[in-house]
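S.K.: Numbering (our numbering), first residue to last: 1437 to 1652.
We put the CB at the ideal spot given by N, CA and C, even for glycine.
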């Protein structure tokens, strides 16, 4: 079984899972509907992304037991909707508006940068120093963090933030440093590194004038 199959199964199950929670707890207030729209739609978009511009790192074969463990780990993200829907608290309209804003910005950064990376590397290997990667070396991770932050703030509980922080520390950050080590083989990487942030964009610097084309 490939890693992508577990991820896709979880992403695709998110919409019905949240909807079932809403029926179980008879909670059809604005908060759960907004959460369903944000997280459920993200799962659908992820499945579309995997068909149009898939990420090759998820093609790795893994044993069934490890796949089951991976699904359980990903299911930690479902704690946020459970807390929101099963609880009595209702997010305010400004909070829901903030969640929608974060989600839209995050979705734009995440999917657009992944599309740029996929199609650039499809036709030209090398270091990508323009577009979404001109000022930030991990725009896709930045977008994903914003997306999951939008999910975490709606339940108004500390636990979703702890879970998100765990994923960032254990998965996102190590992958970012691993990517930097891989890109270091390119001659222009040090110059590119000075002009771009690992996660937070460096907006006020003199960038590279030419894109030589990574294996991001």
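(1) Within its chain, find whatever has a CB closer than 7 Å to the CB of residue 1448; leave out the 5 residues flanking it on each side and keep chain order.
(2) Which stretch, first to last residue, makes up the alpha helix (DSSP H) that contains residue 1530?
(3) To the nearest angstrom, report how far apart residue 1509 and residue 1619 are at their CA atoms.
(4) Which residue comes first and which comes last in the alpha helix (DSSP H) that contains residue 1616?
(5) Helix, strand or coil: which one does DSSP assign to residue 1656?
(6) Please classify residue 1476 as buried or exposed, where buried requires at least 16 neighbouring CB atoms within 10 angstroms.
(7) Based on the DSSP secondary-structure assignment, which residues constitute the bridge partners of residue 1573?
(8) Should residue 1650 be labelled buried (16 or more other beta-carbon atoms within 10 Å of its own) or exposed?
(9) Residue 1497 to residue 1528, Cα distance in whole Å?
(10) Keeping to the same chain, check which residues put their C-beta closer than 6 Å to that of residue 1506; ignore five residues upstream and five downstream.
(11) Would you list the one or two residues that DSSP bridges to residue 1438?
(12) Compute the distance between the beta-carbons of residue 1557 and residue 1625, then report whether it is under 8 Å.
(13) Near residue 1438, which residues of its chain fall below 8 Å by C-beta distance, leaving aside the five closest residues on each side in sequence?
(14) At which residues does the alpha helix (DSSP H) containing residue 1477 begin and terminate?
(15) Do residue 1458 and residue 1521 have their C-beta atoms within less than 8 Å of each other?
(16) Can you list, in chain order, the residues of its chain whose CB lies under 6 Å from that of residue 1648, leaving out five sequence neighbours each side?
(17) With DSSP collapsed to three states, give me the class of residue 1523.
(18) Alpha carbon to alpha carbon, how far is residue 1546 from residue 1622? Give it in angstroms, no decimals.
(19) Return the residue from the list 1524, 1571, 1470, 1605 that minimises the CA-CA distance to residue 1540.
(20) Answer yes or no: do residue 1639 and residue 1573 have a C-beta to C-beta separation smaller than 8 Å?
(21) Helix or strand or just coil, what does DSSP make of residue 1644?
(22) Answer with buried or exposed for residue 1586, where buried requires no fewer than 16 other C-beta atoms within 10 angstroms of its C-beta.
M.R.: The relevant details are as follows:
(1) Position 12 of the chain shown, counted from the start, is the residue given in the question as residue 1448. The residues are 1479, 1483.
(2) Stepping through the chain shown from its first residue, residue 1530 is reached at position 94. Start and end: 1529-1559.
(3) In the chain shown, counting from the first residue as 1, residue 1509 sits at position 73. In the chain shown, counting from the first residue as 1, residue 1619 sits at position 183. Each residue's Cα considered, the two are about 29 Å apart.
(4) Locating residue 1616 in the chain shown gives position 180, counting from the first residue. Run containing residue 1616: 1609-1619, per the alpha helix (DSSP H) assignment.
(5) Residue coverage of the chain in this structure runs from 1437 to 1652, which leaves residue 1656 outside it and unanswerable.
(6) On the chain shown, position 40 is the one that residue 1476 refers to. Residue 1476 should be labelled buried.
(7) In the chain shown, counting from the first residue as 1, residue 1573 sits at position 137. Residue 1573 pairs with nothing; no bridge assigned.
(8) Here residue 1650 refers to the residue found at position 214 when the chain shown is read from its first residue. Per-residue confidence for residue 1650 stands at a pLDDT of 44, beneath the threshold of 50, marking its modelled position as unreliable; no derived number is given.
(9) Reading the chain shown from its first residue, position 61 is the one you call residue 1497. Reading the chain shown from its first residue, position 92 is the one you call residue 1528. C-alpha separation (whole angstroms): 44 Å.
(10) The residue given as residue 1506 occupies position 70 in the chain shown. Around residue 1506: 1442.
(11) Walking along the chain shown from the start, residue 1438 turns up at place 2. DSSP, once it has assigned bridges, lists 1497 as partnering residue 1438.
(12) Counting from 1 along the chain shown, the entry for residue 1557 is found at position 121. Counting from 1 along the chain shown, the entry for residue 1625 is found at position 189. Taking 8 Å as the Cβ cut-off, residue 1557 and residue 1625 do not qualify as a contacting pair.
(13) For the purposes of this step, residue 1438 is identified with residue 2 of the chain shown, where counting begins at 1. Excluding positions up to five away in sequence, the list reads 1494, 1495, 1496, 1497, 1498.
(14) Indexing the chain shown from 1 puts residue 1477 at position 41. Unbroken alpha helix (DSSP H) run through residue 1477: 1477-1488.
(15) By 1-based counting over the chain shown, the position of residue 1458 is 22. By 1-based counting over the chain shown, the position of residue 1521 is 85. Closer than 8 Å, so yes.
(16) Locating residue 1648 in the chain shown gives position 212, counting from the first residue. Since pLDDT at residue 1648 reaches only 42, below the 50 mark, its modelled position is unreliable, and the value read off the structure follows with that caveat. Here the set comprises 1562, 1563, 1624.
(17) If you number the chain shown from 1, residue 1523 lands on position 87. Of the three classes helix, strand and coil, the one that applies to residue 1523 here is coil, per DSSP.
(18) Residue numbering aside, residue 1622 sits at position 186 when the chain shown is read from its first letter. Residue numbering aside, residue 1546 sits at position 110 when the chain shown is read from its first letter. Going by the C-alpha atoms only, they are around 24 Å apart.
(19) The count along the chain shown starts at 1 and reaches residue 1540 at position 104. Looking at the Cα atoms, 1470 is the closest of the given residues.
(20) Translated into the one-based positions of the chain shown, residue 1639 becomes position 203. Translated into the one-based positions of the chain shown, residue 1573 becomes position 137. Result no, Cβ atoms of residue 1639 and residue 1573 do not sit closer than 8 Å.
(21) As a working note, residue 1644 is residue 208 in the chain shown. Annotation note: pLDDT 49 at residue 1644 (below 50); position unreliable, coordinate value reported separately. Three-state result, residue 1644: coil.
(22) For the purposes of this step, residue 1586 is taken as residue 150 along the chain shown, with counting starting at 1. Residue 1586 is buried by the Cβ-count criterion.
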